[in-house]
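So the structure is just underneath, and the comments pick up after that.
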Amino acid sequence: MVVKDIIRKALADIEASGKNIPNPMGEIYMLLEHVSGKDKLFLTLNKDFEVNEEEFFELLNKRLNDTPMAYIIGKKHFRDIILKTDERALIPRFCTEELIDIVNGFIKPDDCVLDMCTGTGAIALAIKEENPLIHVACSDVSEDALNLAKENAKLNNLSINFILSDLFENINETYDILISNPPYISSEEYMGLDKDLFKEPKLALVGGDLGYEYYEKIIKQAREKIKRMIFFEIGYDQGNIVKEILEKYKYKDIKIYKDLEGFDRFVSACI
């Protein structure tokens with residue numbers, strides 16, 4: 001089937017499904033690129049180009065059954081790197097890229113940085129790619145996620161260390177900076193999430209009954225292993241809560257940063 005006919009049928013299938021796909025044309029082109037091996041410009045200019053119809057609609061059906069696009073095509077762009085994405089780890093979000101900008105403003109050339117709850121390795125690998133002289137390690141409680149992070153390091157030709165650890169349990173070295181995007185959704189909030197989020201690891205999403213238990217655990221233990229600063233991604237309504245936890249454990253220079261949509265999204269503090 002040619003591109004223009006696939007687009008026409010795909011739009012009809014999406015409408016008939018009743019699914020809320022925010023950018024249907026964008027997703028159709030992503031699938032077309034994946035199936036055909038051609039880029040969007042080529043496909044736009046060559047609407048009579050033949051594409052494997054069976055493969056395309058098999059993937060579209062997965063999308064209409066709530067499989068996230070990043071799992072279907074198996075990759076996600078993050079800053080200047082490309083990450084392999086599958087069900088072993090949470091899909092990196094665009095807003096997390098903003099955290100890299102914040103951290104970059106505080107990194108020194110000889111720093112040692114730890115990315116805790118690394119998932120795909122997105123934060124650790126982006127930090128290393130943009131600061132090649134520093135030492136970077138990443139940790140996760142999930143061996144599956146850590147293996148995916150290792151694959152992504154190899155994919156991007158980046159050298160970092162990997163530690164299988166439940167928070168600080170197996171962290172034996174000290175680091176100048178800790179970065180963490182831990183699970184921060186409450187158990188109640190989790191039940192109301194969009195269906196496609198249920199395809200992602202629950203372990204990487206739910207931060208206890210109230211959503212912020214990992215922040216307290218990390219903040220309480222960090223002083224033993226972190227020498228200078230910690231950075232967190234947080235839920236949109238958790239800024240003041242995390243700030244209070246940091247104050248409780250005597251951290252200094254606490255700052256809350258908003259994301260591009262104007263929500264509290266990141267926190268930094270000095271040891």
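So that you can map any letter, position 167 of the sequence shown is 167 in the UniProt record's numbering, and since no number is skipped, the others follow by simple counting.
Every residue gets a Cβ at the ideal spot worked out from N, C-alpha and C, and that includes glycine.
Bear in mind that the values here come from a model prediction, so they are computed numbers and not experimental data.
Spatial neighbours of PHE232 in its own chain (CB-CB distance under 6 Å, excluding positions within 5 residues in sequence) are listed in chain order as SER180, VAL267. Within the same chain, and ignoring the five residues on either side of LEU114 in sequence, the residues whose Cβ sits closer than 6 Å to its Cβ are ALA137, TYR175, LEU178.
Along the length of the UniProt domain "Methyltransferase small" (111 to 205), whole beta strand (DSSP E) runs at least 3 residues long occupy 112 to 116, 135 to 140, 161 to 164, 175 to 180, reported in chain order.
Note on geometry: alpha-carbon atoms of THR96 and GLY239 lie some 16 Å from one another. Partner residues in the beta bridge of LYS258, as assigned by DSSP, are ASP264. Put simply, the backbone Cα of MET1 is about 33 Å away from that of LEU155.
The C-alpha of TYR251 is placed about 37 Å away from the C-alpha of ASP196. Between the alpha carbons of LYS128 and GLY211 lies a gap of roughly 29 Å. Going by beta carbons, LEU43 and TYR29 fall inside the 8 Å limit. For LYS150, same chain residues with a beta-carbon under 7 Å away, outside a window of 5 residues either side, are PHE162 in chain order. It is roughly 15 Å from the alpha-carbon of LYS38 to the alpha-carbon of GLY26. One Cα belongs to ASP259, the other to PRO92, and the distance between them is close to 15 Å.
Only exposed fits ARG223, as fewer than 16 other CB atoms lie within 10 angstroms of its CB. By the 16-neighbour rule on beta-carbons within 10 angstroms, GLY74 is exposed.
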